[in-house]
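Undergrad: Quick one: this structure, given as structure tokens, is what I'll be asking you about.
Protein chains: 2
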Amino acid sequence: MRNVLIRIEYDGTAFYGWQRQPGRRTVQGELERVLSVLCGGNITIDGTGRTDAGVHALGQCATFSGEFSIPADRIPRAANGLLAENRMKQGDIRILSAEDVPAGFHARKSAVGKTYIYRIYNAKNMPVFLRNYRYNVKKQLNTDAMIKAASFFTGTRDYSSFMTASDDFRGSTVKTVHAVNIREEGRDISIAVTGSGFLYNMVRIMAGTLVDIGTGRIPADRAVEIAAACDRSAAGHTAPAQGLYMAEVYFSTDDLVKGTEKY
Amino acid sequence: MRNVLIRIEYDGTAFYGWQRQPGRRTVQGELERVLSVLCGGNITIDGTGRTDAGVHALGQCATFSGEFSIPADRIPRAANGLLAENRMKQGDIRILSAEDVPAGFHARKSAVGKTYIYRIYNAKNMPVFLRNYRYNVKKQLNTDAMIKAASFFTGTRDYSSFMTASDDFRGSTVKTVHAVNIREEGRDISIAVTGSGFLYNMVRIMAGTLVDIGTGRIPADRAVEIAAACDRSAAGHTAPAQGLYMAEVYFSTDDLVKGTEKY
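Chains as they are written, first to last, in my numbering: chain L, 1 to 263; chain V, 264 to 526.
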């Protein structure tokens, strides 16, 4: 019985999110369809995280197991060929790498953390070509205020101020965020959040709150209270899906630490 | 009776091209729908050029006339609001500017030339985020050979080697190309073609032929014959739609000359 880990990039625009759903085009569904062809059998995959409709990935991970003969290093090219729209145009999912891993290794359970990046385009007008890939914030952002506020959104604490409540949520709202790094490059502003665990919409609510602080809609000195409130209504708006990227998954604390500096 | 000129940017991915078609989403159809709301009447527009499905525009132009009261400079913002997908996401068409022009001024008939840009990403692998916006050429391109060949694709001559034949074509295959400029920036290669007139698929066939020369599939020294053959089968393949951008329309020869240097 083999166990294979794949790393995946995708443009989330045309998907109903990650999770397989009957009759809908999802990332998991597309990958399972293509991997089943290559492996000659019914393949089901476990992803590190479920992304919502419109959310992208630069390095989502997934594991799957079974009996099949295709060498792992031939999977990316073969799968990407099957995922292509036509001979002249690649698909909106790309397998970046595939490797055999020991039995028991699991894309979600073996992960020790991940980095999400939230991308903002801060200008009055944005080229249409970025509409699926950035949140266009028209008001000028005070990034100094955002950076200062972001320092209060780290550590091991209850993050329920940054969670969209859902009926089926079970588990702890205490998570560890290792770093929230804000970088500015011309009109592009990125917010990279590296943590060991994330609540539903956590990065999008953090990003929206930081935007509200950057525009002055929320006073910067309220960041401490917001984090401490453990109440969604204390935080800012939920930033839209198209700005969010699952950037990297870490399977060792060494890589996790490196990630906090890299992004 | 007012006559208004608009400049338009669009992402051609989700459109069945420029031209209005019943029951299909087209750029002209969307613009007419929105302008009719703003102008309080049935507006029809004349575009400078019809772009095919998947082809983009950085500066398409169109004119429309009628009796309406909205000031021209308020049209872009109002139209772009109506074109938006939702409050958090802009649309895939953006009106860049609008201005009143004299009666008789016509987006197509008054134009003296235009520039198209064809964009290539030259690398074995391309991020999925560029799939709708670049032609991914995997083999390394010899841009020196391409630049040399491109010099034979200019001037006033019969360009029928670079035309997809169509039954309803009437008119001359003699056109003037003022410049074919090839620029390289890392993995991005752009081919800018500035001319006074273009045949159907002319830029895409020129780009495909230059790619075939760049990969060595067509010997570089055949460029002269290809141009002189006046025969589509002498040229290379038709490069795919997603790499093509209508970049700028010129209404004066001064601007046309500037365009040949700008791109």
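The beta-carbon is built from N, C-alpha and C at its ideal position, and this holds for glycine as well. The model shown is predicted, which means the values in this text are computed figures rather than measured ones.
Determine whether the Cβ of L/Arg-25 lies closer than 8 Å to any Cβ atom of chain V.
TA: Locating residue 25 of chain L in the first sequence gives position 25, where the first residue counts as 1. Taking Cβ atoms only, chain V never reaches closer than 8 Å to L/Arg-25, which makes this a no.
Undergrad: Is the region 364–380 of chain V touching the region 406–413 of chain V, taking contact as three or more C-beta pairs under 8 Å?
TA: Too few Cβ pairs lie closer than 8 Å, so no.
Undergrad: Got a sec? Which residues, its chain only, sit under 6 Å from V/Val-400 by beta carbon, not counting five neighbours each side?
TA: Within the second sequence, the letter at position 137 stands for residue 400 of chain V. Contacts found: Ile-383, Asn-385, Val-474.
Undergrad: Let me make sure I understand the geometry here. Which of L/Phe-129, L/Met-88, L/Gly-59, L/Phe-15 has the alpha-carbon closest to that of V/Pro-503?
TA: Here the question's residue 503 of chain V lines up with position 240 in the second sequence. Looking at the Cα atoms, L/Met-88 is the closest of the given residues.
Undergrad: Where do the ends of the beta strand (DSSP E) carrying L/Met-267 lie?
TA: Outside the displayed range of chain L (1 to 263) lies residue 267 of chain L, so it cannot be described from this structure.
Undergrad: How many Å lie between L/Ile-70 and L/Pro-219 at the Cα?
TA: Taking the first residue of the first sequence as 1, we reach residue 70 of chain L at position 70. Taking the first residue of the first sequence as 1, we reach residue 219 of chain L at position 219. For L/Ile-70 and L/Pro-219, the distance between alpha carbons rounds to 57 Å.
Undergrad: How would you list, in chain order, the residues of chain L whose beta-carbon sits under 8 Å from the beta-carbon of V/Tyr-279?
TA: Position 16 of the second sequence, counting from 1, holds the residue named residue 279 of chain V. Simply none; closest approach about 16 Å.
Undergrad: Going by DSSP in three states, L/Gln-19 sits in which element: helix, strand or coil?
TA: Here the question's residue 19 of chain L lines up with position 19 in the first sequence. Three-state result, L/Gln-19: coil.
Undergrad: Could you pull the DSSP bridge partners for V/His-319 from this structure?
TA: The residue labelled residue 319 of chain V in the question sits at position 56 within the second sequence. Bridge partners of V/His-319: V/Tyr-508.
Undergrad: Tell me where the beta strand (DSSP E) around L/Ser-190 begins and ends.
TA: The residue you call residue 190 of chain L lines up with position 190 of the first sequence. From DSSP, the beta strand (DSSP E) with L/Ser-190 extends over 188–195.
Undergrad: Does the Cβ of L/Lys-139 have 16 or more other Cβ atoms within 10 Å, making it buried, or fewer, making it exposed?
TA: To locate residue 139 of chain L, count along the first sequence from 1; it is residue 139. By the 10 Å Cβ count, L/Lys-139 comes out exposed.
Undergrad: Determine which residues of the region 133–144 of chain L have a Cβ less than 9 Å from any Cβ of chain V, and write them out in chain order.
TA: Hits within the stretch, in order: Tyr-133, Tyr-135, Asn-136.
Undergrad: Against chain V, with Cβ distances strictly below 8 Å, would L/Lys-89 count as a contact?
TA: Within the first sequence, numbered from 1, the residue matching residue 89 of chain L stands at position 89. By this cut-off, L/Lys-89 is an interface position.
Undergrad: If distances are taken between C-alpha atoms only, which option among V/Thr-289, V/Ser-423, V/Lys-387, V/Arg-270 comes closest to V/Phe-461?
TA: Your numbering for residue 461 of chain V matches position 198 in the second sequence. The option with the nearest alpha carbon to V/Phe-461 is V/Ser-423.
Undergrad: Quick one: any contact between the region 480–497 of chain V and the region 422–437 of chain V, if contact means 3 or more CB pairs under 8 Å?
TA: Contact between the region 480–497 of chain V and the region 422–437 of chain V is present, because at least three Cβ pairs lie under 8 Å.
Undergrad: For V/Val-318, collect the residues of the same chain with a Cβ closer than 6 Å to its Cβ; drop the 5 residues on either side in sequence, then sort them by chain order.
TA: Within the second sequence, the letter at position 55 stands for residue 318 of chain V. Gly-275, Ala-504, Leu-507.
Undergrad: Beta carbons nearer than 9 Å to chain V: which residues of the region 91–102 of chain L have them?
TA: Against chain V - using a Cβ distance shorter than 9 Å - the residues of the region 91–102 of chain L are Gly-91, Asp-92, Ile-93, Arg-94, Leu-96.
Undergrad: State the CB to CB distance for the pair L/Met-246 and L/Tyr-116, rounded to an integer number of angstroms; the pair is presumed to be in contact (CB under 8 Å).
TA: The count along the first sequence starts at 1 and reaches residue 246 of chain L at position 246. The count along the first sequence starts at 1 and reaches residue 116 of chain L at position 116. That pair is a contact at about 6 Å.
Undergrad: Secondary structure at V/Leu-301, three-state DSSP: helix, strand or coil?
TA: For the purposes of this step, residue 301 of chain V is taken as residue 38 along the second sequence, with counting starting at 1. Of the three classes helix, strand and coil, the one that applies to V/Leu-301 here is helix, per DSSP.
Undergrad: Below 8 Å between beta carbons: does that hold for V/Thr-311 and V/Cys-302?
TA: The residue you call residue 311 of chain V lines up with position 48 of the second sequence. The residue you call residue 302 of chain V lines up with position 39 of the second sequence. No, Cβ-Cβ distance for V/Thr-311 and V/Cys-302 is not below 8 Å.
Undergrad: Starting from the Cα of V/Ile-489, find the closest Cα among V/Gln-291, V/Ala-316, V/Thr-417 and give me that residue.
TA: Taking the second sequence and counting its residues from 1, one reaches residue 489 of chain V at position 226. Considering only alpha carbons, the answer is V/Thr-417.
Undergrad: Between the alpha carbons of L/Gly-104 and L/Gly-171, how many angstroms are there, rounded?
TA: Against the first sequence, residue 104 of chain L aligns to sequence position 104. Against the first sequence, residue 171 of chain L aligns to sequence position 171. Roughly 23 Å between the two C-alpha positions.
Undergrad: For V/Thr-501, collect the residues of the same chain with a Cβ closer than 8 Å to its Cβ; drop the 5 residues on either side in sequence, then sort them by chain order.
TA: Taking the second sequence and counting its residues from 1, one reaches residue 501 of chain V at position 238. Excluding sequence neighbours, V/Thr-501 sits near Thr-427, Asn-464, Arg-467, Ile-468, Gly-471.
Undergrad: Rank V/Glu-447, V/Gly-499, V/Val-520 by C-alpha distance to the C-alpha of V/Pro-439 and give the top, closest one.
TA: Within the second sequence, residue 439 of chain V is the residue found at index 176, counting from 1. What sits at residue 439 of chain V in the sequence shown is Thr, not Pro. The shortest Cα separation from V/Thr-439 among V/Glu-447, V/Gly-499, V/Val-520 belongs to V/Val-520.
Undergrad: Less than 8 Å between CB atoms is the rule here; does L/Met-202 satisfy it with respect to chain V?
TA: Residue numbering aside, residue 202 of chain L sits at position 202 when the first sequence is read from its first letter. No, its Cβ sits nowhere closer than 8 Å to a Cβ of chain V.
Undergrad: From the DSSP secondary-structure annotation, give me the bridge partner or partners of L/Thr-143.
TA: Taking the first sequence and counting its residues from 1, one reaches residue 143 of chain L at position 143. DSSP lists no partner for L/Thr-143.
Undergrad: Can you give the beta carbon distance from L/Gly-214 to L/Ala-145, rounded, assuming they're within the 8 Å contact cut?
TA: As a working note, residue 214 of chain L is residue 214 in the first sequence. As a working note, residue 145 of chain L is residue 145 in the first sequence. Rounded, the Cβ-Cβ distance is 6 Å, consistent with contact.
Undergrad: Name the chain V residues whose beta carbon is nearer than 9 Å to that of L/Gln-21?
TA: In the first sequence, counting from the first residue as 1, residue 21 of chain L sits at position 21. Result: empty, since nearest Cβ-Cβ is about 21 Å, beyond 9 Å.
Undergrad: Checking 8 Å against the spacing of the C-beta atoms, do V/Leu-393 and V/Ile-452 come in under that value?
TA: Residue 393 of chain V sits at position 130 when you count from the first residue of the second sequence. Residue 452 of chain V sits at position 189 when you count from the first residue of the second sequence. No, these two residues do not count as a Cβ contact at 8 Å.
Undergrad: I want to verify the contact list: residues of chain L whose CB lies under 8 Å from the CB of V/Val-391, in sequence order.
TA: Indexing the second sequence from 1 puts residue 391 of chain V at position 128. The answer, in chain order, is Glu-9, Tyr-10, Asp-11, Gln-90, Gly-91, Asp-92, Ile-93, Arg-94.
Undergrad: Could you pull out every residue in the same chain whose Cβ sits closer than 7 Å to the Cβ of V/Tyr-526, ignoring the five residues on either side in sequence?
TA: Locating residue 526 of chain V in the second sequence gives position 263, counting from the first residue. Contacts found: Thr-378, Ile-380, Asn-444, Ala-455, Thr-457, Ala-510.
Undergrad: Looking at chain L, is there any beta carbon in it that lies within less than 8 Å of the beta carbon of V/Arg-394?
TA: Here the question's residue 394 of chain V lines up with position 131 in the second sequence. Judged by the 8 Å Cβ criterion, V/Arg-394 is in contact with chain L.
Undergrad: Which residues of chain V have a Cβ atom closer than 7 Å to the Cβ of L/Pro-240, listed in chain order?
TA: Here residue 240 of chain L refers to the residue found at position 240 when the first sequence is read from its first residue. Correct list: Met-351, Lys-352.
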